[in-house]
Every structure is written in C-alpha cells, then in structure tokens.
Ligand SMILES: *[C@@H]1O[C@H](CO)[C@@H](O)[C@H](O)[C@H]1NC(C)=O
Ligand SMILES: *[C@@H]1O[C@H](CO)[C@@H](O)[C@H](O)[C@H]1NC(C)=O
Ligand SMILES: *[C@@H]1O[C@H](CO)[C@@H](O)[C@H](O)[C@H]1NC(C)=O
Ligand SMILES: *[C@@H]1O[C@H](CO)[C@@H](O)[C@H](O)[C@H]1NC(C)=O
Ligand SMILES: *[C@@H]1O[C@H](CO)[C@@H](O)[C@H](O)[C@H]1NC(C)=O
Ligand SMILES: *[C@@H]1O[C@H](CO)[C@@H](O)[C@H](O)[C@H]1NC(C)=O
Ligand SMILES: *[C@@H]1O[C@H](CO)[C@@H](O)[C@H](O)[C@H]1NC(C)=O
Ligand SMILES: *[C@@H]1O[C@H](CO)[C@@H](O)[C@H](O)[C@H]1NC(C)=O
Ligand SMILES: *[C@@H]1O[C@H](CO)[C@@H](O)[C@H](O)[C@H]1NC(C)=O
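Numbering (full-length UniProt numbering), first residue to last: 1 to 380.
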C-alpha cells in the first residue's frame with residue numbers, strides 16, 4: 001500500500017550493495033502479526049502512482065496496538081509505505097491517563113482514501129514494545145476506503161521524515177520506531193519483517209522485530225542495499241536483475257517492498273513480453289487478482305520458468321509452483337475455474353518491481369532508518 005503519490009518517481013538504476021554488518025542490537029522486540037486477504041484494501045493505492053499494483057486483492061497484515069483509555073486496537077494495519085500511527089476507525093479512541101492534548105490535527109491521504117482527526121500524545125504499546133510519548137491520530141473522519149473487514153488504524157513503518165505535513169503544527173513527526181530509539185527502548189532504528197505463507201484459509205502469521213533482525217528466521221547473510229534518495233519518501237532500492245526464462249530486463253530497475261499487496265509486480269515491458277511469449281496467455285479481468293497474468297492450462301512448467309530477482313548479491317527464485325495460485329484459494333479470490341493457470345504476477349511501473357507478499361513469503365526484509373538501507377536474506 002502506498003501513500004498518495006507526492007513526487008516524481010525516481011528512476012533508480014543498477015544495484016548497489018553495501019556490506020554493512022548484521023545488526024545485533026541488544027534490545028529487540030518480536031511482535032506477531034496476522035494476515036488475511038482484504039479484497040477491497042487496494043482502495044488505499046493511488047491510481048496516480050504508476051508503480052501501485054492494479055490488482056484488487058491485498059494482504060492485510062495487522063498487529064494489536066494499546067493506547068488511549070486502556071484500549072486495545074487489535075486490527076491495526078502494518079504499512080511500510082506510510083509513517084503515521086492512527087487508530088479509532090472501529091472503536092473510537094478515548095483519551096486515557098497518559099494522553100496529552102496537543103491541540104493538533106492529523107490528516108493522511110492514501111490515494112483514493114484518507115483519514116483525519118485529532119492528534120494526541122500518548123503512551124502506545126505494540127506487542128511488548130512501548131513508547132511513552134507518541135503522536136497518535138484519533139480518526140474522526142475516514143473517506144474513500146471500503147474494507148471488507150474494517151481496520152482499527154494504521155501503524156506506519158515508513159522512512160523518517162516521510163510524514164511531512166500530516167500533523168498540524170509540525171513539519172514531520174517521529175515515527176513509532178524512531179521513538180523506541182529516542183526513549184532508549186531499542187538501540188537502533190532498525191526492524192525486520194517476516195511474512196508467513198498464506199494457508200488454505202488465506203491467512204498467515206508473521207513477525208516484526210523492532211531493534212534488529214531475527215536471525216533464527218534467516219539463512220545465510222542479510223544483504224543491505226542502499227535506499228534510493230530522497231530518503232524521506234519510500235523504502236525504494238535498486239534491483240540488480242530480473243529474468244524469467246530467456247526474458248531479461250536490461251537497464252536500471254528499482255523496487256519497493258510492500259507488505260500490503262499480494263502479487264509480485266514485474267516491470268511493465270517484461271510483463272507484456274511474458275504475455276507474448278506464451279500463446280493464449282491473458283490478463284485476469286474478472287477475479288480479485290485482476291491485472292495479473294493467466295496462462296493457458298496447456299502451458300508446461302518448462303515454459304513457466306522461475307521469476308529470478310537479483311537483490312545485491314542474492315538471487316531469489318520464485319518458481320512456477322510459487323507464483324501459480326493454488327485452487328484452494330480460488331473461492332477467497334473470487335476466481336472462477338476457467339481452466340487457465342492463474343498467477344500472482346502483475347505489472348509494475350516502467351522498470352519497477354513491487355515485492356509484495358508472494359515475494360516476501362520467500363525472503364526476510366529489514367529496514368535501517370538511520371543508515372538508509374533495506375536488507376534482504378533467504379529464509380531459514
Ligand atoms: C542505483 O543505480 C544507479 C545507476 O546504476 C546509480 O547511479 C545509483 O547510485 C544507484 N542508487 C543506489 C541507491 O544505489
Ligand atoms: C524473537 O524470536 C526469535 C525466534 O523467532 C527468538 O530467537 C528471539 O530470542 C526472540 N527475541 C525476543 C527479544 O524475544
Ligand atoms: C490547547 O488549547 C487550550 C485552549 O486554547 C490551551 O489552554 C492549551 O494550553 C493548549 N494546549 C497545548 C498543548 O497547546
Ligand atoms: C477532515 O476531512 C473533511 C473532509 O475533507 C473535512 O471536512 C474536515 O474538516 C477534516 N477534518 C480535519 C480535522 O482535518
Ligand atoms: C520538512 O520535512 C521535509 C521532509 O522530511 C524536509 O525535507 C524539510 O527540510 C523539512 N522542513 C523544515 C523547515 O524542517
Ligand atoms: C525464449 O523462450 C521461449 C519459451 O521457451 C521460446 O519460445 C523462445 O524461442 C525463446 N526465445 C529465444 C530468443 O531464445
Ligand atoms: C494452448 O492453449 C492456448 C489457448 O487455448 C492456445 O492458443 C495454444 O495454441 C495452446 N498451445 C499448445 C502448445 O497447444
Ligand atoms: C534459479 O532457477 C534457475 C533456473 O531454473 C536455476 O538455474 C538456478 O540455479 C536457480 N537459482 C537458485 C538460487 O535457486
Ligand atoms: C465475488 O463474486 C461475487 C459473485 O460474482 C460477487 O457478488 C462478489 O461481490 C465478489 N466479491 C468481491 C470481493 O469482489
């Protein structure tokens with residue numbers, strides 16, 4: 001899920017790899033996440049953002065957040081594409097014993113939808129990680145997004161400074177992760193995300209680690225990539241290679257991780273080359289995976305090679321088995337069994353890839369706010 005498109009999309013070029021050491025912070029906090037399909041969530045994505053995936057099916061990754069008058073907001077969406085914390089969409093936020101009135105308001109646009117309301121300063125707990133003084137938005141007014149299951153709010157894990165203009169009276173405000181550091185709860189503004197695979201009920205369990213990475217989740221080295229400047233917009237980075245069989249992308253490629261979308265979106269040109277390569281391939285236009293590729297049922301697995309995505313020195317192979325939608329998920333995705341092979345492959349922007357859940361199920365990702373790095377590792 002991306003916030004409203006605010007600037008020119010940077011044409012990042014070939015990959016840069018920085019050999020930063022593994023972060024081993026003394027204080028880390030694991031927070032379990034739970035995910036489910038949220039068919040209408042894509043209302044958040046902006047149609048004006050050329051790299052926003054077109055599909056309607058999104059993944060809703062939520063964590064419980066405690067704030068206000070001893071309230072627990074259990075369905076707070078985790079979003080690496082925004083950087084404000086707000087709650088109260090389901091049950092109204094009530095100021096509690098730690099709440100300080102600020103006289104400020106907040107307002108965030110997420111594409112076709114948005115939220116605004118009163119900004120407070122409060123003690124906020126996510127999992128077992130507590131910030132004593134956190135700006136928190138209390139939603140008074142929400143527009144544009146119609147969720148199948150309502151959400152309580154959004155926990156923004158975007159880069160520092162990417163919430164400019166969203167709280168009155170401040171240019172930018174400190175994110176939850178930055179406050180964990182400034183209050184001495186964690187040592188570094190670093191976090192790691194593990195997204196579990198979807199089960200047959202289209203649900204999964206994952207984990208965010210604040211303050212470091214969970215080394216038990218990874219296999220081999222975590223490789224850090226430089227974030228593409230400007231640093232105060234998105235967690236964007238250079239992708240070193242992309243290929244599918246004999247199709248390769250030449251020239252600079254850039255990528256973003258997105259915990260809020262299901263498919264892997266591949267660069268626009270390669271998306272159309274993939275369609276051309278397999279006779280009878282088409283674009284899904286009737287299910288919740290609309291915009292994704294469907295191959296004819298007679299396409300052999302030889303013809304459906306792995307998607308190979310190079311990130312720094314690591315190569316991630318997403319095999320046909322992994323990018324083909326299992327039939328058990330057809331009902332959840334409103335796919336009619338039409339004999340076609342449905343995939344989780346959509347079209348990204350020009351030279352752009354979005355690494356959504358179907359990529360993140362096969363990789364650990366990490367984010368270093370101070371050093372402007374995005375890390376990847378193979379899963380254990
Ligand atoms: C991305 O690649 C381009 C072109 O190769 C290079 O100029 C740029 O410095 C790279 N950016 C990062 C953040 O590594
Ligand atoms: C986080 O979870 C991992 C296992 O997944 C465990 O090894 C580690 O000790 C946990 N860290 C904390 C701070 O609980
Ligand atoms: C908020 O506004 C009220 C009334 O104008 C004022 O008394 C109070 O000092 C203000 N609080 C802050 C934190 O600015
Ligand atoms: C929220 O948005 C609505 C509609 O644009 C507007 O009427 C209202 O004044 C806004 N409230 C705040 C606190 O910004
Ligand atoms: C406001 O925030 C933006 C984005 O982080 C930053 O580029 C700019 O320098 C800030 N302006 C002021 C006046 O601090
Ligand atoms: C690329 O692979 C496809 C499918 O295997 C094949 O039909 C085509 O001839 C190949 N093209 C080249 C240039 O090798
Ligand atoms: C596979 O099916 C598609 C669509 O029905 C058709 O266009 C194509 O020719 C078939 N390919 C082979 C190898 O039979
Ligand atoms: C990825 O798949 C290609 C083609 O099947 C294979 O040659 C390569 O060894 C695989 N790489 C990894 C890292 O699994
Ligand atoms: C799924 O399909 C049914 C029947 O066509 C339709 O009524 C329903 O709205 C669709 N669900 C979604 C989430 O689009």
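The beta-carbon is built from N, C-alpha and C at its ideal position, and this holds for glycine as well.
Check, Outcome
"The segment 200-219 / the segment 268-276 touching (three or more Cβ pairs under 8 angstroms)", "no"
"Alpha-carbon to alpha-carbon, residue 136 and residue 160", "16 angstroms"
"Test item: CB-CB of residue 154 and residue 77 under 8 angstroms", "yes"
"Cβ-based neighbour list, residue 220, same chain, cut-off 7 angstroms, excluding 5 preceding and 5 following", "377 and 378"
"Own chain residues within Cβ distance below 8 angstroms of residue 242, not counting five before or after", "248, 249, 253, 266, 267, 270, 307, 308, 309, 310 and 353"
"Alpha helix (DSSP H) segments (min. 4 residues) lying fully within the segment 228-279", "268-277"
"Rounded straight-line distance, which links the Cα of residue 338 to that of residue 87", "41 angstroms"
"Alpha-carbon to alpha-carbon, residue 343 and residue 264", "10 angstroms"
"Extent of the continuous alpha helix (DSSP H) run through residue 330", "330-333"
"Any non-hydrogen atom of ligand 5 within 7 angstroms of residue 81 CB", "no"
"Reduced DSSP category for residue 160 - H, G, I as helix; E, B as strand; rest coil", "coil"
"Same chain only: Cβ atoms within 6 angstroms of residue 217, ignoring 5 sequence neighbours per side", "194, 364 and 380"
"Contact test: residue 66 Cβ vs ligand 7 heavy atom, cutoff 7 angstroms", "no"
"Exposure label - residue 189; buried when at least 16 CB within 10 Å", "buried"
"Same chain only: Cβ atoms within 7 angstroms of residue 120, ignoring 5 sequence neighbours per side", "95, 99, 100, 101, 102, 136 and 138"
"Ligand 7 heavy atom lying under 7 angstroms from the CB of residue 245", "no"
"Minimum C-alpha distance to residue 108 - residue among 323, 162 and 202", "162"
"Through-space distance from residue 332 to residue 179, alpha-carbon basis", "38 angstroms"
"Residue 298 beta carbon near ligand 7 (any heavy atom closer than 7 angstroms)", "yes"
"Own chain partners of residue 174 with C-beta closer than 7 angstroms, once the 5 adjacent residues on each side are dropped", "182"
"For residue 320, the three-state DSSP class (helix, strand or coil)", "helix"
"Classification of residue 141 by the beta-carbon crowding that lies within 10 angstroms, buried from 16 upward", "exposed"
"Neighbourhood of residue 336 by C-beta distance below 8 angstroms, restricted to the same chain and skipping five residues each side", "286, 287 and 330"
"Span of the beta strand (DSSP E), counted from its first residue to its last, around residue 75", "71-79"
"Whole-number beta carbon distance between residue 255 and residue 305, since they are thought to touch under 8 angstroms", "No, residue 305 and residue 255 are not in contact; Cβ-Cβ is about 20 angstroms, not under 8 angstroms."
"Candidates 110, 280 and 33, of which the one nearest residue 293 by Cα", "280"
"Contact belief for residue 126 with residue 65 at Cβ below 8 angstroms, rounded distance in angstroms", "5 angstroms"
"Contacting residues, own chain, Cβ-Cβ under 8 angstroms from residue 197 (five flanking each side not counted)", "204 and 361"
"Coarse secondary structure for residue 357, derived from DSSP in three states", "helix"
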